[in-house]
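Worksheet for the structure shown next.
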Amino acid sequence: MSAPRTIATVAVSVFRESVRDKVLYNLVAFAVLLMAASYLIGQLTAGQDIKIIKDLGLAAIATFGLMIAVFIGIGLVWKEVERRSIYSLLTKPLSRGEFILGKYCGLGLTLAVNMAVMVVAWYAVLAYMGASVSAEVRASWGAPATDLGMLRAVGLILVELMLVTAIALFFSTFSSPFLSAGMTLGLWVIGHFNADLKNFESVVDSRAAAWLAHGLYYVLPNFSAFDIKQQVVYAQPIPAGYLATTALYGGVYIALLLVASVAVFSRRDFK
Amino acid sequence: MRRALTPVLLVLLMASAVGLQAMRERGGELPAGQAELLYVRSPEALRRMSLSYHSLLADVYWIRAVQLYGDTKLGRTADRSYALLYPLLDLTTSLDPNFDVAYQFGALFLAERPPAGPGRPDQAVALLQKGLRAQPDDWQLHQAIGFVYYWSYQDYATAADWFRRGSRLTGAPTWLGPLAAVTLAEGGNRTASRLMWQQVLQTASDDWFRNEADRRLKQLDAMEQLDLLTRVVAAFEAGQGRPPANWEELTRAGYLRGTVADPTGAPYRLKGGDVSLDPRSTLLPLPKEQGSRP
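Chains as they are written, first to last, in the numbering used here: chain A, 2 to 272; chain L, 339 to 632.
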């Protein structure tokens, strides 16, 4: 079997396993959350229901995805080792690199399907809310309820989650699930403070510390760059160059982590 | 046997929990707890802590601000000072600087006179000025600042200046320029106020604003009616040498026809010759007018 086909086979089996593990049940939680919120928000606040549902939908898509990426990502390799199924897998015509890439693509597929369903449900709720108000109210909104421009934020959330998955997978190749989850979530949090690392010289006197922080700014994954949720909700212009550079940055970082994961996993001794 | 017992046990336990809940409720409520707290007051700290969830957290703080305003206004809170209103609005707009409604509604809430609001037009202007730093070309924020100067400070020259500046911005409605002129020429009179709220009623995109404009117009109607009723009472007093004891006496004497109720349906009060709104009327407090008694 060719390498791409082998990777695809592993990926499909990861996707099937996640369906068996009832990972997609979170979609029900998402739908219930959005429908309940769309009803309750109107009772709780003065106006802005549509903005709140947009914010809530994007935040929920990102959060549900993050939970899946971290907590399934950390178990991708560890579960095979724990169940000792890795021994039989490695006797098959399957390289360690193909195994890692297949696992990664499988979780990526799970995330993509999951997000696609959430986005459809979210747009359905927004369409319903948009249809339930008068034309004058709709005309006063800065952007239509079902503004397709919001998909740009969804796209960058997917890239961000794929990066989180790559980090989780990398840690899972050599660490326990508990540590992997901690380190992945830790990097995700640090990645949102990157701007502070860049401007560290404004808070410390030490040049060495400032240089170190500056170096970390470039080395650590910059997750804040993927966050354009606020801009798309207000339909603010986002340069195509920014989207392309950020998506490419995510892709390069993912490639780096996958190469590192394959390298670490290939050297791992299972005897 | 054991299998059959489980559902029975579950039902029994559930019924016990419901029963205990009802029993506790019958025992009365505990005294009201501590007033609402705001653990994080620094917008910068909160912005950092919210990671990539700025907008969602802004929504949460906005809902808290609306709930606090509503609950305090309706007397559901122990603290009637609205002390947390500005900090909540400040946090909301720091997390989401484009949150237009938080600036506009927030300013209305803050400027409202006690007991319907904290009576802090200074904070209302500060909040709107903060909005202008984020969106300098927003005509609605200019209009809102003009409103605060008009209603809360009765500073018609400054109000007119804000309306005029707003009217020059892209997207401003055509009536904002004339409103500036009317405010400058006739600021403080009811015609100018009526014109302002009629425009808001016609152009408001939100139920809350529409209802507020409707309430303000009803207040103006009530003020006109109060003036008329005061003149009627004065006429009765001039003829009879004493104030009327009640509305029925005025009706019997032919000064009035029908019932005397404000635009919300609440009856006007007549006491010692003074006519006023019913203390339960939702139109209270009436706006202050130039040269009016405090």
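Idealized CB from N, CA, C, for every residue including glycine. In this text the structure is predicted, and so the values were computed from the model without any measurement.
- The shortest C-alpha to C-alpha distance from residue 83 of chain A to any of A/237, A/175, A/196 is the one to A/175.
- Within chain A, 190, 193 have C-beta atoms less than 7 Å from the C-beta of residue 389 of chain L, given in sequence order.
- In this chain, the alpha helix (DSSP H) harbouring residue 20 of chain A covers 4-21.
- When secondary structure is reduced to three states using DSSP, residue 93 of chain A falls in the coil class, being assigned neither helix nor strand.
- The beta carbon of residue 616 of chain L sits closer than 8 Å to those of 600, 604, 605, 606, 607, all from its chain and outside the five residues before and after it, given in chain order.
- Taking a contact as a CB-CB distance under 8 Å, the pair residue 226 of chain A and residue 394 of chain L does not count as one, their CB atoms being some 19 Å apart.
- By the neighbour-count criterion, in which 16 or more other beta carbons inside 10 Å mark a residue as buried, residue 240 of chain A falls on the exposed side.
- Under the 8 Å Cβ criterion, the region 94-106 of chain A does not count as touching the region 133-140 of chain A, having fewer than three qualifying pairs.
- Distance between residue 495 of chain L and residue 57 of chain A, taken at the CA atoms: about 43 Å.
- For the region 204-229 of chain A, the continuous alpha helix (DSSP H) assignments of 4+ residues that do not extend past its boundaries occur at 208-220, in sequence order.
- Residues of chain L whose Cβ lies closer than 8 Å to the Cβ of residue 235 of chain A are, in chain order, 436.
- In the three-state reduction of the DSSP assignment, residue 608 of chain L falls in the strand class, which pools E and B.
- Within chain A, 56, 57, 60 have C-beta atoms less than 7 Å from the C-beta of residue 394 of chain L, given in sequence order.
- The DSSP assignment places complete alpha helix (DSSP H) segments of no fewer than 4 residues inside the region 412-458 of chain L at 423-433, 438-449, in order along the chain.
- For the region 74-94 of chain A, the set of residues with a beta-carbon nearer than 7 Å to any beta-carbon of chain L is empty.
- At a cut-off of 7 Å between beta-carbon atoms, residue 398 of chain L makes no contact with chain A.
- Interface flag for residue 439 of chain L against chain A is set, since a Cβ pair is found closer than 7 Å.
- Our two residues, residue 557 of chain L and residue 424 of chain L, have alpha carbons roughly 26 Å apart in a direct line.
- Put simply, the CB of residue 148 of chain A is far from chain L, with every gap to its CB atoms at 7 Å or more.
- With contacts defined by Cβ atoms closer than 7 Å, residue 198 of chain A and residue 214 of chain A form a contacting pair.
- Under the 8 Å Cβ criterion, the region 388-402 of chain L does not count as touching the region 349-365 of chain L, having fewer than three qualifying pairs.
- For residue 202 of chain A, there is no enclosing alpha helix (DSSP H), as DSSP marks it with neither H nor E.
- Look at residue 538 of chain L here: in three-state DSSP terms it is helix.
- According to DSSP, residue pairing for residue 39 of chain A in a beta bridge does not occur.
- By the Cβ neighbour-count rule, residue 40 of chain A is exposed, with fewer than 16 other Cβ atoms within 10 Å of its own.
- A residue is called buried once 16 or more other Cβ atoms fall within 10 Å of its Cβ, and residue 212 of chain A, having fewer, is exposed.
- A distance of 7 Å or more separates the beta carbons of residue 255 of chain A and residue 221 of chain A.
- C-alpha of residue 602 of chain L to C-alpha of residue 236 of chain A: approximately 41 Å in a straight line.
- In the DSSP annotation of this structure, residue 600 of chain L is not part of any alpha helix (DSSP H), being labelled neither H nor E.
- Residue 430 of chain L sits close to residue 399 of chain L, with the two beta carbons spaced by under 7 Å.
- When C-beta distances to chain A are compared with 9 Å, every residue of the region 354-366 of chain L stays at or above that value.
- For residue 451 of chain L, there are no C-beta contacts with chain A under 9 Å, since the nearest C-beta of that chain is about 19 Å from it.
- By the Cβ criterion, the region 467-486 of chain L is in contact with the region 433-446 of chain L, since at least three pairs of Cβ atoms, one from each stretch, lie closer than 8 Å.
- Under the three-state reduction of DSSP output, residue 190 of chain A falls in the helix class.
- Residue 499 of chain L: member of the alpha helix (DSSP H) spanning 494-505, first to last residue.
- Contact of residue 386 of chain L with chain A by beta-carbon distance below 9 Å involves 193, 194, 197.
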